[in-house]
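Counting with this note's numbering, you get residues 1 to 365 for the letters of the sequence shown.
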Amino acid sequence: MKHYDYLIVGAGLFGSVFAHEMTKKGASCLVIEKRNHVGGNIYTEDIEGINVHKYGAHIFHTSDKEVWDYVNTLAEFNHYINSPVAVYKNELYNLPFNMNTFSKLWGIRTPQEAKDIIAAQIADLNIGEPQNLEEQALSLVGRDVYEKLVKGYTEKQWGRDCKELPSFIIKRLPLRFIYDNNYFNDPYQGIPKGGYTNLIIKLLEGSDVLLNTDYFAFRQEHPGVADKTVYTGPLDAYFDYRLGILQYRTVRFETEVLPTDNYQGNAVVNYTEREVPYTRIIEHKHFEFGTQPSTVISREYPEEWKPGMEPYYPINDEENESLAAQYRALAEAEPDTIFGGRLGTYRYYDMDKVIRLALDTVKEM
Ligand SMILES: Cc1cc2nc3c(=O)[nH]c(=O)nc-3n(C[C@H](O)[C@H](O)[C@H](O)COP(=O)(O)OP(=O)(O)OC[C@H]3O[C@@H](n4cnc5c(N)ncnc54)[C@H](O)[C@@H]3O)c2cc1C
Numbered sequence: 001m002k003h004y005d006y007l008i009v010g011a012g013l014f015g016s017v018f019a020h021e022m023t024k025k026g027a028s029c030l031v032i033e034k035r036n037h038v039g040g041n042i043y044t045e046d047i048e049g050i051n052v053h054k055y056g057a058h059i060f061h062t063s064d065k066e067v068w069d070y071v072n073t074l075a076e077f078n079h080y081i082n083s084p085v086a087v088y089k090n091e092l093y094n095l096p097f098n099m100n101t102f103s104k105l106w107g108i109r110t111p112q113e114a115k116d117i118i119a120a121q122i123a124d125l126n127i128g129e130p131q132n133l134e135e136q137a138l139s140l141v142g143r144d145v146y147e148k149l150v151k152g153y154t155e156k157q158w159g160r161d162c163k164e165l166p167s168f169i170i171k172r173l174p175l176r177f178i179y180d181n182n183y184f185n186d187p188y189q190g191i192p193k194g195g196y197t198n199l200i201i202k203l204l205e206g207s208d209v210l211l212n213t214d215y216f217a218f219r220q221e222h223p224g225v226a227d228k229t230v231y232t233g234p235l236d237a238y239f240d241y242r243l244g245i246l247q248y249r250t251v252r253f254e255t256e257v258l259p260t261d262n263y264q265g266n267a268v269v270n271y272t273e274r275e276v277p278y279t280r281i282i283e284h285k286h287f288e289f290g291t292q293p294s295t296v297i298s299r300e301y302p303e304e305w306k307p308g309m310e311p312y313y314p315i316n317d318e319e320n321e322s323l324a325a326q327y328r329a330l331a332e333a334e335p336d337t338i339f340g341g342r343l344g345t346y347r348y349y350d351m352d353k354v355i356r357l358a359l360d361t362v363k364e365m
């Protein structure tokens with residue numbers, strides 16, 4: 001096998017940006033990916049002409065102008081604005097919590113009326129130092145918003161009662177006293193026209209890519225294939241789990257093609273009552289204003305992660321953080337391996353942050 005400057009493990013966003021930047025500088029890169037496709041979790045799959053976000057809905061949003069300019073050189077972004085709708089027992093509410101939400105909840109019109117109701121509800125509860133997530137959320141938004149829009153959703157996300165969850169999980173629950181349903185505060189937002197996979201393919205131009213290739217078998221067979229390794233797989237797996245297993249939350253997606261052109265009228269609909277077993281339904285075509293005759297929806301079921309399942313969200317409690325810190329110390333001592341991306345660092349990052357990290361890593365080198 002040819003010798004490379006870099007062996008990049010994982011054809012996700014981090015690995016692909018790294019490969020792109022290094023290739024531009026004249027370095028040779030081999031990207032290996034254990035899945036049968038590139039893109040990592042931002043992979044979009046064409047089903048009935050619709051770009052389906054196979055590993056969960058991905059909306060690009062950023063305040064980082066340089067990253068925004070960067071992605072716009074790779075793909076044209078549309079003007080999608082994320083404006084989720086919440087369903088609670090057949091009542092519909094706009095998210096994030098804003099004047100449309102409050103007006104629907106209480107039949108009021110002005111910001112002052114909304115502020116007065118929330119303040120009165122919080123005062124009535126008389127909570128001192130919040131002892132759990134329920135008390136924390138109640139003391140931030142009052143009873144109505146909590147019970148209809150926060151409680152059930154959060155309990156499904158974590159698989160536990162809000163009273164059993166620590167208060168630190170929710171630091172803020174932003175309330176917006178204007179009629180604005182735009183979920184994100186960032187100035188730049190959109191979805192790449194034609195899906196994320198094309199953007200990744202563009203990033204990987206000039207690199208050699210091997211799919212269906214697991215690093216751990218590959219490194220046995222080709223120990224000296226590159227001068228340096230960039231590793232974006234799970235941090236604990238690299239060290240053969242020698243200090244223990246890092247935990248995650250995962251999500252199971254049930255995806256269905258439906259013979260209708262428009263199922264729910266919005267890309268993202270949250271189900272906030274606990275009795276409905278899924279947290280959200282995503283209707284993928286609405287990310288790109290699709291006009292196809294059929295539609296594809298995905299129901300999302302948060303689940304406890306077990307080895308072998310897709311690791312999605314790192315658990316940022318003390319036990320996992322302390323284990324991750326020990327693994328990170330081992331990682332720093334590896335002279336020829338760079339650990340990157342969300343799995344390689346055991347940190348949740350949005351896409352823009354992952355791009356920023358990859359660009360900065362290349363700059364530092
Ligand atoms: C459910 C969900 C929804 C999200 N929604 C958004 C959103 O709306 N907006 C946003 O900005 N961000 C979102 N994100 C974050 C986004 O997914 C990440 O920022 C991004 O995917 C991270 O890229 P990465 O390259 O670090 O990791 P990944 O995409 O996970 O790539 C790592 C790659 O390494 C491969 N790999 C692992 N182990 C090995 C091995 N041993 N050998 C070979 N290959 C290996 C994996 O198969 C994978 O392809 C979301 C994340 C999740 C979990």
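Backbone N, C-alpha and C fix where the C-beta goes; we use that ideal spot for every residue, glycine too.
Remember, predicted model here, so these are calculated numbers, not experimental data.
Under the three-state DSSP convention, the category Y238 falls into: The residue given as residue 238 occupies position 238 in the sequence shown. In this structure, Y238 counts as helix in the three-state DSSP scheme.
Per DSSP, the bridge partner or partners of F77: Numbered from its first residue, the sequence shown carries residue 77 at position 77. Per DSSP, P192.
Buried or exposed (CB count within 10 angstroms, at least 16 for buried), I281: Taking the sequence shown and counting its residues from 1, the one referred to as residue 281 is at position 281. So I281 ends up on the buried side.
Cβ-heavy atom distance, N41 to ligand 1, below 7 Å: Taking the first residue of the sequence shown as position 1, residue 41 is located at position 41. N41: yes, Cβ under 7 Å from ligand 1.
R328 beta carbon near ligand 1 (any heavy atom closer than 7 Å): In the sequence shown, residue 328 corresponds to position 328, counting from 1. No - ligand 1 has no heavy atom lying nearer than 7 Å to the Cβ of R328.
Pairwise C-alpha distance: L203 and L13: Here residue 13 is taken as the residue at index 13 of the sequence shown, counted from 1. Here residue 203 is taken as the residue at index 203 of the sequence shown, counted from 1. Approximately 9 Å between the Cα atoms of the pair.
Proximity below 8 Å, CB of Y271 to CB of T295: The sequence position of residue 271 within the sequence shown is 271, counting from 1. The sequence position of residue 295 within the sequence shown is 295, counting from 1. Contact: no.
N98 and N181 closer than 8 Å at C-beta: Sequence index remark: in the sequence shown, residue 98 carries index 98 (1-based). Sequence index remark: in the sequence shown, residue 181 carries index 181 (1-based). Yes, these two residues count as a Cβ contact at 8 Å.
Cα-Cα separation, P84 to K104: One-based indexing of the sequence shown puts residue 84 at position 84. One-based indexing of the sequence shown puts residue 104 at position 104. About 15 Å.
For G195 and Y55, the rounded distance between their alpha carbons: Residue 55 sits at position 55 when you count from the first residue of the sequence shown. Residue 195 sits at position 195 when you count from the first residue of the sequence shown. Y55 and G195: Cα-Cα distance of roughly 13 Å.
I406 CB to nearest heavy atom of ligand 1 below 7 Å: In the structure displayed, the chain extends from 1 to 365; residue 406 sits before or after that span and is not available.
Nonlocal neighbours in the same chain, by C-beta distance under 6 Å from A358, ignoring five residues either side: In the sequence shown, the residue the question calls residue 358 occupies position 358. Excluding sequence neighbours, A358 sits near F14, V17 and F18.
Uninterrupted alpha helix (DSSP H) stretches inside the region 144–205 (no shorter than 4 residues): 151–158 and 196–203
Beta-bridge partners of H53, as assigned by DSSP: For this step, residue 53 is matched to residue 53 along the sequence shown. H53 pairs with T44.
CB contact flag (I118, L175, <8 Å): If you number the sequence shown from 1, residue 118 lands on position 118. If you number the sequence shown from 1, residue 175 lands on position 175. Taking 8 Å as the Cβ cut-off, I118 and L175 qualify as a contacting pair.
Candidates R252, T345 and D116: closest to N316 by CA position: Taking the sequence shown and counting its residues from 1, the one referred to as residue 316 is at position 316. It is T345 whose Cα lies nearest to the Cα of N316.
CA-to-CA distance, E45 to Q131, given in whole angstroms: Here the question's residue 131 lines up with position 131 in the sequence shown. Here the question's residue 45 lines up with position 45 in the sequence shown. Between Q131 and E45, the C-alpha separation is close to 44 Å.
Residue range of the beta strand (DSSP E) that includes L210: Here residue 210 corresponds to residue number 210 of the sequence shown, with the count starting at 1. Run containing L210: D208 to L210, per the beta strand (DSSP E) assignment.
Cβ pair T255, V52 closer than 8 Å: Numbered from its first residue, the sequence shown carries residue 255 at position 255. Numbered from its first residue, the sequence shown carries residue 52 at position 52. Their beta carbons are under 8 Å apart, which means T255 touches V52 by this criterion.
CA nearest to the CA of Y215, picked from V145, L92, Y327 and V31: In the sequence shown, residue 215 corresponds to position 215, counting from 1. Looking at the Cα atoms, V31 is the closest of the given residues.
DSSP state of K363 mapped onto helix, strand, coil: If you number the sequence shown from 1, residue 363 lands on position 363. Note: K363 maps to helix in three-state DSSP.
Cβ neighbours of Y93 in the same chain (closer than 6 Å, five flanking residues each side left out): Counting from 1 along the sequence shown, the entry for residue 93 is found at position 93. Within the same chain, Y93 has close Cβ partners A86, T101 and K104.
Contiguous alpha helix (DSSP H) assignments of at least 4 residues, all confined to the region 211–269: 215–221 and 235–238
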